[in-house]
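Report on one structure; see the data block that follows.
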Amino acid sequence: MEGAGEVVVCCSGVDAGVTLWDLHSGVLISHLRTCATPRNALAPVGSHFLAAAQLHKPGSAGGGAVHFWTWHKNQVAFKSYPVEPIGPLACTSDGAYLAGGGASGRIYFWEVATGQLLRLWPAHYKNVSCLVFSDDDSLLISGADDGLINVWPLLRVLDMGEDNQGAEGQVAAMYGWSDHTLPVTGLLAGSGGPNAVVVSCSLDHTCKIWSLALGTLLRSIVFPTALNAVVLDPGEYALYAGGADGRIFITALNFGVPISSGILADGILGTDAALIGHSRAVTSLAFSMDGVSLVSGSEDCTARLWDTTSKQVLRTFTHNKGPINCLLVLPRPPLLQHGTQQGRSLNRQIPTIPVAPLSKYIASDAVSHEPNPWEGPLVVLPASYQEEEDFEGHSYSSAAMERQIQELEQRGSTAAMQMELERLRSELRRALHNGQQWQQLHQELYCFCVDELMGGNKERDEDDDKDGERLYHRPSIRCGDR
Amino acid sequence: MAFEEALHSMHDQGLRPRLLHAVMANHLPDDKQVTRAPGQLSMAVASVRRHHLLWESSLVAGPGLHFMQGAKTLDVNKGAVDAWIEKLLNLLSSTVAENRWAGACLLGVTCQECTRQRFLECYSLWFTKLLLPLKQPTDPIFVRAAACASLTDLIVRLGGLIEFAGVRRDGANLIAKLVQPLLQILGDKDSCGIWNEAMDLLSALLRYFPACLRQQSSSLEALLVARIMDVECYTTIPQKCARALALLPKAHGDATTWSSLLRRILIATNSELDFAFAGMEDVATAEDAIASLLPRGQESPWPLGGRAVPSNACVQPGKSLWQQLVPRVSNLLQCCNYLLTSPFPVPVPAPLGPLLALSMRILRVDGSRLSSASRLGAPIPSSHQAALCSELPALHLTALNLVASTLRGIRSQLLPRAADLVRLISDYFRRCGGVHATLRIKLYSIARHLFVAMGAGMASGLAPAIVGNALSDLKGSTSGSNILSPKFGRGPRISNSVWASGGWSSAQATNTKKRKEPGGIPGDHPGSVMVEAAISAGEGTAPVAVQIAALQALEALLTSGGALLPDRWRAEVDAVLASVAMAAATGSISAGFASEEDINFMEGTSIASTSSGDFQVAAYQALLASLLSPCCHRPPYLAQGLAVFRNGRQEAGTEVAAVCAHALLALEPLIHPRCLPPAGTPAAVAAGMSAGRATSATLVPHMQRSNKPIPAPSPQLAGVATNTTNGFAVPAPVSALKIGQLAMDPWAEVDTWLGYGEDFGDDDSLFYPETDGILVEDYSGATQGYGVSLVLNGSEGGQVAPPCEANEQKLADSSMDLRTQTVQRETLHNLQQNMHGAQSNPLQPVEKDPATIERSYQEQTGIQTPDTSTPLESSAQRQDIRPVISDTEDTEAISMCVDITVAKASGVGIPDTNQDAHLCPSLEGRLVPTATYAVTTASYPAAADTFASFNDPVEITTDSDSEGPLPAIVNGDSEPDSD
């Protein structure tokens, strides 16, 4: 867990900012200023930004506010002002789209890169209280104070080509579940895209488990108190529900779960199994990726780290500014890894989708006067080349060589001809050179023979004594004469 | 070589310099001797590469046995490489062209193969040497081309080292000298012989040192565009030009350049098409495509390639319009593809609308005349029409490629346009997708990527088109049971009512209604009817490649949204996939195991005759997806699927076998439904295990290495165990006995390799090394989930047994980021399968009347027991064994006994798996909701007996596989014991 690790992000309903702790060491990492959120209103946008919807201040005008921070700066990076107060926020896992639920029951859907409000539709009769995306980012699930839970397929939500209602028209939900009798307070989509389960909790003391594939209620669990938050462990083995009395209830999600004594418990671990420690209502729950650590935030101004196997509190994070409203457990953002070389290089190399301030209204084509209408949203292109040539060990030179050798052997191309010509030329040069040498040799022989014939006897008489000298010098002299 | 010394072995460090000298002497040309076959050179390169002759470190080849010689060897090595480079430089400056050529080629290989230190020392010298031939136009083409290719290798290597101090600056200085000669070569018609290599060089420059070409980018653009528009070139040159052009914006590295280039390419393409499609397309479509590119009130951008190259005007004489149009358009669009799919340092504004509008524009044209257009303008000559029709498939293919790369580049941000894409693809399937196999394959592959990328929403939108078409492709029209004739092939048009209604049943209603409508949309020509007629009246089945693509598309559909398919369609898909897989199996396995009914079913199709490895792989993977994808009843073809996979696993050495083994592993949670180990960190679990092993050893055995002394097996047992071939499945002492001379734990060696001490207690840190990143932690929960199947599967009671599987899974997870998204999806899907066990297992409202439970048990036992070929003997043996088991205290001993059972039974005879097929739920019965798997888990101890009989001699053939079902016997039997 060195270096990377996870952080606990939490903020409260009073203007106390956002506080970040390291999950495993408990060290305070950072404090982002100016934030007071309703519940479920905190969402990481991509890996570089954090968004939080702001509580509507009683005295102010009608609009809402959404604040954005980058992780490494304490001040608000920018603020956006939607037309009405926004409650819950949810962002797709790649940080491309942001959804917000309004107090009037409408859902706003923004494109993060441009800030454009793509769609705005009436989804509920009352204030939207929770929003989540399914884990394949193709479905948006919303719960509201009217007790309804609706599932929206994004493909259909964003399809404005067919229906002529424009971007503010009605959208048909894929499912509408109305079994809760009181406001829905917590919502969670399990793993598995369309096969996942959706878990919801409500003030009516129940947790309900729904199947996305079938669109039906699978199970309803009644707890002794009103519930504020619900979470599953990553293996979806147990369900943890945070109650208004400060208890966190544990229920086995599945039947037939072996517990540590090796005996199979049929069904429920018992609704009386609970993590007890908070003195006031639990408002938010989050699981760590290690699968055993649970973090809970409460109105008693603390967040607690639980070991779910021993049901003990491992650490208490004290948030002394106010009751905790939202809590997230995130992998430590790369921007907060400045200390490590890895973090630094990571930040430099990878381009990310930019975040633009959210627009207030839907831009209609007739009104928009963008300078470059052909340009779409900013996208990050794929990080790797996809040509097959670039595998490790591809050698341009040997590829070219093989090709040339083939051409040479078949003498197929003009280049091969040229090469052949070069070769012949050099052979010609060599042959000419040889010819010259032979010619020279021949002349020497000729001179020698002529000399022998012409003055052989006389010279022999003269030079009987200095044989060696004559043999040495005569040819060169003769040649020089000629 | 100073003095010759005998080599110790092939790993001797002294081998390398010697071989290098030999290569120099034997394969390299020298100045005195000219005629050497050019093939010698490639042999030299091959041996340099194979033996890494240019490496200089003595520490490379594994555990060095001769430490003493290290320094000396290093010197010898260094000397040999020095001599080699000396030789090459001599060759390069030789007067003989052939030698210069050889030198240039070998220097390129040297750039790649030499050590980093030497490369950093020498690259600038080499660069200068290689640059010389490029500057001399009189040199033979061969030498220049070789120098060019070698320079490319040098640049690529240099680009990889750019983080080293000074490399960036020095490299830029060197490249500045290269740019002018390169431009000259590209502009010079005479040196067209080396354009190929020059383009590679240019691409490498743009990729690694883009800033060096910033000044020249406009002239480069003009050159490249001229080459692309020039149809006279060789075919590969324009493609390489397109790639280089796509890399050109990197020279500036800002989003504006990128956007402007793409915009101008799109404008050029549209204007190319204007003339070609005149009179054949709706004018509004063309205007749509161009409207946002050239908004009113803005001056148009300067044309592609500068003013020198008027894009549309240069119709070359001697070539018809059509011969030029298609290559040009396809090259331009190819360039768009490269632009969209290559990395870029900053986020870019992708012109989503124009890209899709252009693809739509091309795909809408089907070669028919518009009545309105011919009335207005001059009538179109029919030759024009015929020529257009002959080129349209190629154009459509490029348009589909553009769609595919748009998806690749823009990914999730395509979401606002996803509905348009759904309409486009469904519409195209309906209108013209049926005729050309390549188009159909492309359509399927696009659909597949869409499913993977956009998940459930896309699956429910595009499913009708894909399911209909794929089923008709797979079944063929001559199939006896004509449930799905090509009428199904016209997937319902995605219309307003479908979206609004939101339900599948109404979607089907719309479908049927639509079909009865006489007219249809304006584009709905008699042509589409012809297409369907061609399918239905033709030879019946689609080509194998199309079927493979269809299978893959169905697989992706089931993976990403199988649960959302309406029941009727889901049942059809399951049935067809099962029968296709069985037919593929019978195609390869002559001893057919499919029942007669199935053979009859498949007789109509010609799949069996054409089944190849690829087809089998596709069919098996699709079958696996169909079995795993949750639906509201239990998978009807589970037994057939298991039989298919078991048989397929015997095809040793093929990919089919690997796929089948994976499939069997993935099906484990279906057979032994979800049961997680108790929560706790791996360390805690391990500690807890060693303490309370007696009770819970069967639960998490694989997590732990046995530290406990193991009772010595009786001689009889050891004798039996030697028969088993698998090192993993055999308990440690037995394997030690088997190996004999190596009386040590085989894992100890692995621990040493991985840097763990001998005394390392448990293997958990193998699974959870601390250096693992976030990603691994991310899946640790899921890995536990994986553990479940293993746990249930059991292993020989807390033995060394199969950490390998968990480990592999772990590794796979940690390397997940390296893979493509598809793989991730698949893995996630499998993991998810684990998490939910047998679909919706416990959460589903289960009708738990005792009768159903009873029936399911009977089914479980009934399937397995009677179909052994020798039921009497095996049951007799089981009775023999029972007392042994109940007497034994320790689980290891139990496993031994089971080994005996197994080994003896294997002598008895291999059962024929045919009978599996008879006993499984029949085709008609698959819709009857049977008891879900919750039943099996809910009363686990009772099921244990089932398992005991479940696996006896039947599965003996899978004995050698560590994830085989064999250990379940132990699991099942030992549990009542421990109770």
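In order, the protein sequence lines correspond to chains A and B. Here the UniProt record's numbering is used: the first residue of the first sequence is 1, the next is one more, and so on. Here the UniProt record's numbering is used: the first residue of the second sequence is 1, the next is one more, and so on. Heads up, the beta-carbon is just placed ideally off N, CA and C, and yes, glycines get one too.
Rank the options by C-alpha distance to the C-alpha of residue i and give the top, closest one.
{"i": "Val-580(B)", "options": "Gln-215(B), Glu-391(B), Leu-400(B), Gln-616(B)", "result": "Gln-616(B)"}
{"i": "Asp-200(B)", "options": "Gln-437(A), Ser-395(A), Tyr-446(A)", "result": "Ser-395(A)"}
{"i": "residue 1039(B)", "options": "Glu-299(B), His-396(B), Leu-462(B), Arg-411(B)", "result": "Here chain B covers residues 1 to 979 and nothing more, so residue 1039(B) does not appear."}
{"i": "Arg-570(B)", "options": "Gly-187(B), Ser-612(B), Ser-629(B), Ala-618(B)", "result": "Ser-629(B)"}
{"i": "Glu-197(B)", "options": "Pro-137(B), Ala-145(B), Ile-466(B), Leu-15(B)", "result": "Ala-145(B)"}
{"i": "Trp-126(B)", "options": "Pro-137(B), Ile-155(B), Gln-136(B)", "result": "Ile-155(B)"}
{"i": "Arg-168(B)", "options": "Thr-138(B), Ser-124(B), Leu-131(B)", "result": "Ser-124(B)"}
{"i": "Pro-183(A)", "options": "Gln-410(A), Ser-80(A), Asp-204(A), Val-198(A)", "result": "Asp-204(A)"}
{"i": "Thr-206(A)", "options": "Gly-64(A), Val-198(A), Ile-221(A), Leu-217(A)", "result": "Ile-221(A)"}
{"i": "Thr-283(A)", "options": "Ala-303(A), Ala-16(A), Trp-110(A)", "result": "Ala-303(A)"}
{"i": "Val-7(A)", "options": "Arg-332(A), Tyr-237(A), Glu-427(A)", "result": "Arg-332(A)"}
{"i": "Val-112(A)", "options": "Val-76(A), Leu-50(A), Pro-58(A), Leu-131(A)", "result": "Leu-50(A)"}
{"i": "Ile-228(B)", "options": "Tyr-208(B), Ser-219(B), Ala-242(B)", "result": "Ala-242(B)"}
{"i": "Gly-108(B)", "options": "Leu-627(B), Ala-176(B), Cys-122(B), Pro-17(B)", "result": "Cys-122(B)"}
Taking 8 Å as the CB-CB limit, is residue i close to chain D?
{"i": "Glu-572(B)", "result": "Annotation note: the requested chain D is absent from the structure, which comprises protein chains A and B."}
Please state if the CB of residue j and the CB of residue i are separated by a distance shorter than 8 Å.
{"i": "Leu-106(B)", "j": "Leu-161(B)", "result": "no"}
{"i": "Val-45(A)", "j": "Cys-91(A)", "result": "yes"}
{"i": "Val-128(A)", "j": "Ile-141(A)", "result": "no"}
{"i": "Ala-545(B)", "j": "Ala-437(B)", "result": "yes"}
{"i": "Asp-137(A)", "j": "Ser-93(A)", "result": "yes"}
{"i": "Ala-52(A)", "j": "His-31(A)", "result": "no"}
{"i": "Ile-265(B)", "j": "Cys-335(B)", "result": "yes"}
{"i": "Pro-345(B)", "j": "Pro-351(A)", "result": "yes"}
{"i": "Ser-398(A)", "j": "Gln-116(A)", "result": "no"}
Between which two residues does the alpha helix (DSSP H) harbouring residue i extend?
{"i": "Ile-290(B)", "result": "283-291"}
{"i": "Lys-311(A)", "result": "No alpha helix (DSSP H) contains Lys-311(A), which DSSP labels as neither H nor E."}
{"i": "His-662(B)", "result": "655-671"}
{"i": "Val-8(A)", "result": "Segment 6-12 is the beta strand (DSSP E) holding Val-8(A); no alpha helix (DSSP H) there."}
{"i": "Glu-163(B)", "result": "Per DSSP, Glu-163(B) belongs to no alpha helix (DSSP H) and is neither H nor E."}
{"i": "Trp-177(A)", "result": "Premise fails: Trp-177(A) lies in the beta strand (DSSP E), 175-177, not in any alpha helix (DSSP H)."}
{"i": "Ile-228(B)", "result": "217-229"}
Could you spell out where the beta strand (DSSP E) holding residue i opens and where it closes?
{"i": "Val-76(A)", "result": "Counting along the chain, Val-76(A) falls outside any beta strand (DSSP E), and DSSP gives it neither H nor E."}
{"i": "Lys-208(A)", "result": "206-211"}
{"i": "Trp-121(A)", "result": "117-122"}
Kindly identify the DSSP beta-bridge partner or partners of residue i.
{"i": "Leu-294(A)", "result": "Phe-287(A), Trp-306(A)"}
{"i": "Ala-251(B)", "result": "In the DSSP output, where bridge partners are listed per residue, Ala-251(B) has none listed."}
{"i": "Ala-229(A)", "result": "Gly-242(A)"}
{"i": "His-67(A)", "result": "Ala-52(A), Lys-79(A)"}
{"i": "Thr-19(A)", "result": "Cys-10(A), His-31(A)"}
{"i": "Ile-86(A)", "result": "Gly-102(A)"}
{"i": "Thr-352(A)", "result": "Per DSSP, none; premise fails for Thr-352(A)."}
Subject >> Contact the stretch 553-564 of chain B vs the stretch 191-200 of chain A: 3+ CB pairs below 8 Å >> reply: A contact between stretches requires three or more CB pairs, one per stretch, nearer than 8 Å, and the stretch 553-564 of chain B meets this requirement with the stretch 191-200 of chain A.
Original post:
Three or more beta-carbon pairs under 8 Å between the stretch 145-165 of chain B and the stretch 416-426 of chain A, yes or no?
Top reply: no
Original post:
Would you call the stretch 467-476 of chain B and the stretch 167-175 of chain A touching, i.e. three or more CB-CB distances under 8 Å?
Top reply: no
**OP:** Answer yes if the stretch 269-282 of chain B comes into contact with the stretch 236-253 of chain B, meaning at least three C-beta pairs across the two stretches below 8 Å, and no otherwise.
**Re:** Between the stretch 236-253 of chain B and the stretch 269-282 of chain B there are fewer than three inter-stretch CB-CB distances shorter than 8 Å, so the stretches are not counted as touching.
Original post:
Pairing CB atoms from the stretch 36-49 of chain B with CB atoms from the stretch 400-415 of chain A, are three or more of them under 8 Å?
Top reply: yes
Original post:
With contact counted as at least three CB pairs below 8 Å, one residue from each stretch, are the stretch 12-24 of chain B and the stretch 45-53 of chain B in contact?
Top reply: Short answer: they touch.
Subject >> the stretch 172-179 of chain A in contact with the stretch 145-157 of chain A per 3-pair CB rule at 8 Å >> reply: Touching, yes.
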